[in-house]
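Q:
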Amino acid sequence: MSPNRRELFAALLAVGAIRAARAADDPVAIPGKRPMILHNDRPEDLETPVRYFDSYLTPVDAFFVRQHLPRPAAIDRGKYRLTVNGMVSKPLELTLADLEKLPQHTLPAVIECTGNGRGFYSPKVPGIQWGRGAIGNAEWTGPRIADILKAAGASESAAFLETDGADTGVAATPDFVRSLPMKKALHPATLLALKMNGQPLPDIHGAPARLIVPGWDGTSSVKWVVRLSAAAQAHNGFFMNPGYRYPKFALPPGTPARPAELEVIEGMPVKSSITSPEDQAKLPLGAVTVRGFAWAGEEAIERVDVSTDGGSTWHAAELTGAKLPFAWRLWRFDWKPAEPGYYTILSRATDTAGRVQPIVSRWNPSGYLWNAIDRVGVTLERA
Amino acid sequence: MKPFVLTLALAAAAIAADQATLERGQKEESRACIACHSLRLIHSQRLSRATWNKELDKMVGWGTKMTDRDALLEYLVANYGDDKPTPPPAMSKP
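In order, the protein sequences belong to chains A and B. Numbering-wise (our numbering), the first sequence opens with residue 1 and increments by one. Numbering-wise (our numbering), the second sequence opens with residue 1001 and increments by one.
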C-alpha cells in the first residue's frame, strides 16, 4: 500500500470507529420517564433537566435515577418478604401487608446523589458526570424503621443497621449493602418508604420498599430493601469503604485519596441551585425571574441571596415552602435588568445552623458533595 | 527512496499502527465493558490517562476479563481523554 493509500485507509478506519461508537450511543426511551439526561441506560443513571424543577414535589416521571447495579427482577408484591435479623430477640419475615399495618408516616424529603455536580469539578474525576439534576424532593410514605426494629426486639447494644437491597453485582462487582448508625436509623423521620408522592413506589425507584434517610446522601437510601440487620459493626463492603467516603482533610486538587483519612459521609451540606434561566440562555431584555431550589441536609434553609453582577452586590431571594429540615425550599428573585449584555447570575444559600454555601467547593477524588455557589451566564438582547 | 518520502512513509505507518491499536481498543471495549453497563457511561467521561488506567484496574478487580488492555487504554485516552471537549448531554427519548 502506498503511503497515501495507507493514510486514506487509516482515515476510513477512524470513521468506521466513530460510526460504531455512535451506534452504541443511540438514544433510548426509559419507560415511565420523561426525556432525561442520559448518563447510562443500562443500568439507568438519569439526570433531571433543570427545566423540570418547577414544582415543590418533583414528579415521579421527572425524578433522577442512580443505579449502581442492574435493576433486580421486578419483585412480586404478594411474594415480597423483608428479613429482619441480626441482634434482635425476634427475627422477622415481614410481608408487604405486615408493613402496611404498621403506623404510616409521610414526609417531604430531598434525595440527592452524593456525586451530584461531579461534572463541575476540575480536574475531572471518574464517575457519572452529573450536573445540577441528580436531586429531587418527594413525599415519602411508609413505616418508621424504629417501629420495625421495635417489633423485632432489636438489641440496645446494636450500633448499626445494615441494609441490603435485592440488586446484586455482575461478575465480581460488590453487592450493594449499606450501614447506618443506629441513632440515625431510629430517628422518627427515617422510613421504609412504600409510597412516593402518594403512589406505590415504582420499580425503578426501589419497589416495593426503600429506605429513606432524610438529610443524608442519596446512597444511604437503599432501594428494593430485602434485609435489615441490627449489627455491632458497620458493614465494610466497597459501598461503605472506600466507596462514598470523603477526605477528612482537604487534598490538593488532582491528588490521590489517603485511605486512612476517608470518612463516611452523613448529613449533606447547604446548597442552592439555579433552575431558571438556564446556563448560556439568550433572553429578550426585560424582566427576568431567577428561580431555583435550596436545601441543607439535616438543617433547614434560612435564606438565599442572588447576585446578577458576578457577586459585587447581593439581593435576598423570596423563599416559598416551610422552613423544614430534609426538604428543599424553592426561591425566586424578580430581576429588572436595564441594559443588554452578558450577565453572570449567582445564588448562595444560608441554613439555620449558619452554614453558608462556599465560593469554591472542596475538590475530592470521588467528586462528592459539590455545593459551590451556583452560577449561570445569560445574554440579554434588545428586542 | 528519498529521505523525504521515507519519512512520510514511516509517519504514515506510525499513524496506521496507531489506528489499528485504536480499532483493537474499541473492539475490546465492546467485548469487555458491556456485560455490566452501557458504553454511554464511558463515553460521557473525559479523564486523564492515569485516571483511565486506574478505572481499568478497578474494573479488572470487579471481574472484567480483558485480553487487550493496552489497546483499550490507548482507545480511551485518544477518544475520551481530559483534553477532549465535554460532550453535550444526551437525552433519553420520549
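The C-beta atom is built at its ideal place from N, Cα and C for all residues, glycine as well.
1) Three or more beta-carbon pairs under 8 Å between the segment 293 to 307 of chain A and the segment 344 to 354 of chain A, yes or no?
2) From which residue to which residue does the beta strand (DSSP E) around residue 291 of chain A run?
3) Excluding sequence positions up to five away, which residues of its chain have a Cβ less than 8 Å from the Cβ of residue 381 of chain A?
4) Say whether the segment 118 to 131 of chain A touches the segment 1038 to 1046 of chain B, bearing in mind that this needs 3 or more beta-carbon pairs closer than 8 Å, one atom from each stretch.
5) Going by beta carbon distance, what residues of the same chain come within less than 7 Å of residue 119 of chain A, once the five residues before and after it are set aside?
6) Measure the alpha-carbon distance for residue 169 of chain A versus residue 71 of chain A and round it to whole angstroms.
7) On the three-state DSSP scale, how would you describe residue 1052 of chain B?
8) So is residue 1066 of chain B in contact with chain A if we call contact Cβ pairs under 7 Å?
9) Would you mind telling me which residues of chain B sit closer than 9 Å to residue 223 of chain A, beta carbon to beta carbon, in chain order?
10) By DSSP's criteria, residue 195 of chain A is part of a beta bridge. Which residues make up the other side?
11) Using beta-carbon positions only, say whether residue 1052 of chain B and residue 1039 of chain B come within less than 7 Å of one another.
12) Which stretch, first to last residue, makes up the beta strand (DSSP E) that contains residue 230 of chain A?
13) How far does the alpha helix (DSSP H) with residue 1042 of chain B in it extend, from its first residue to its last?
14) Let me make sure I understand the geometry here. Which of A/279, A/295 and A/174 has the alpha-carbon closest to that of residue 376 of chain A?
15) At 9 Å on the CB atoms, spell out the chain B contacts of residue 42 of chain A, in chain order.
16) Kindly give me the distance between the Cβ atoms of residue 162 of chain A and residue 135 of chain A, rounded to whole angstroms, as I take these residues to be in contact under 8 Å.
17) Can a CB atom of chain B be found closer than 7 Å to the CB of residue 35 of chain A?
18) Can you name, in chain order, every residue of its own chain whose Cβ lies under 6 Å from the Cβ of residue 207 of chain A, other than the five neighbours on each side?
19) Please look up how many angstroms separate the CB atoms of residue 193 of chain A and residue 141 of chain A, rounded, as I've assumed it's under 8 Å.
20) So the beta strand (DSSP E) residue 102 of chain A belongs to, where does it begin and stop?
21) Look up residue 82 of chain A in the DSSP assignment and say whether it is helix, strand or coil.
22) Please say whether residue 197 of chain A and residue 57 of chain A have beta carbons closer to each other than 7 Å?
23) Compute the distance between the beta-carbons of residue 300 of chain A and residue 108 of chain A, then report whether it is under 7 Å.
24) Identify the contact partners of residue 173 of chain A in chain B, using a Cβ-Cβ distance below 7 Å as the criterion.
A: With the structure as the only source:
1) These segments touch.
2) Judged by DSSP secondary structure, residue 291 of chain A falls within the beta strand (DSSP E) whose first and last residues are 288 to 295.
3) So the qualifying residues of the chain are 282, 283, 284, 285 and 340.
4) Yes: the two stretches touch, three or more of their Cβ pairs being nearer than 8 Å.
5) Same-chain partners within the cutoff: 129, 130 and 131.
6) Answer to the nearest angstrom: the Cα atoms are 10 Å apart.
7) Judged by DSSP in its simplified three-state form, residue 1052 of chain B adopts helix.
8) By this cut-off, residue 1066 of chain B is not an interface position.
9) Within 9 Å Cβ-Cβ: nothing; residue 223 of chain A doesn't reach chain B, min ~17 Å.
10) Note: residue 195 of chain A is bridge-paired with A/141 and A/200 in the DSSP secondary-structure output.
11) For the pair residue 1052 of chain B and residue 1039 of chain B, the CB atoms are not nearer than the 7 Å cut-off.
12) Counted as a single uninterrupted DSSP element, the beta strand (DSSP E) harbouring residue 230 of chain A occupies residues 225 to 231.
13) Looking at the DSSP string, the run of the alpha helix (DSSP H) that includes residue 1042 of chain B is 1040 to 1043.
14) Of the candidates A/279, A/295 and A/174, the one whose C-alpha sits nearest the C-alpha of residue 376 of chain A is A/279.
15) For the C-beta of residue 42 of chain A, the chain B residues within less than 9 Å are, from N- to C-terminus, 1034, 1036, 1037, 1038, 1040 and 1041.
16) That pair is no contact at about 26 Å.
17) Answer yes: the Cβ-Cβ gap between residue 35 of chain A and chain B drops below 7 Å somewhere.
18) Correct list, in chain order: 201.
19) So it is a contact: roughly 6 Å between Cβ atoms.
20) Neither: residue 102 of chain A is in no beta strand (DSSP E) and is coded neither H nor E.
21) In the three-state reduction of the DSSP assignment, residue 82 of chain A falls in the strand class.
22) In contact: residue 57 of chain A and residue 197 of chain A (Cβ atoms closer than 7 Å).
23) Against a cut-off of 7 Å, the Cβ pair of residue 108 of chain A and residue 300 of chain A comes out as no contact.
24) One finds 1036, 1062 and 1063 in chain B with Cβ atoms closer than 7 Å to the Cβ of residue 173 of chain A, taken in chain order.
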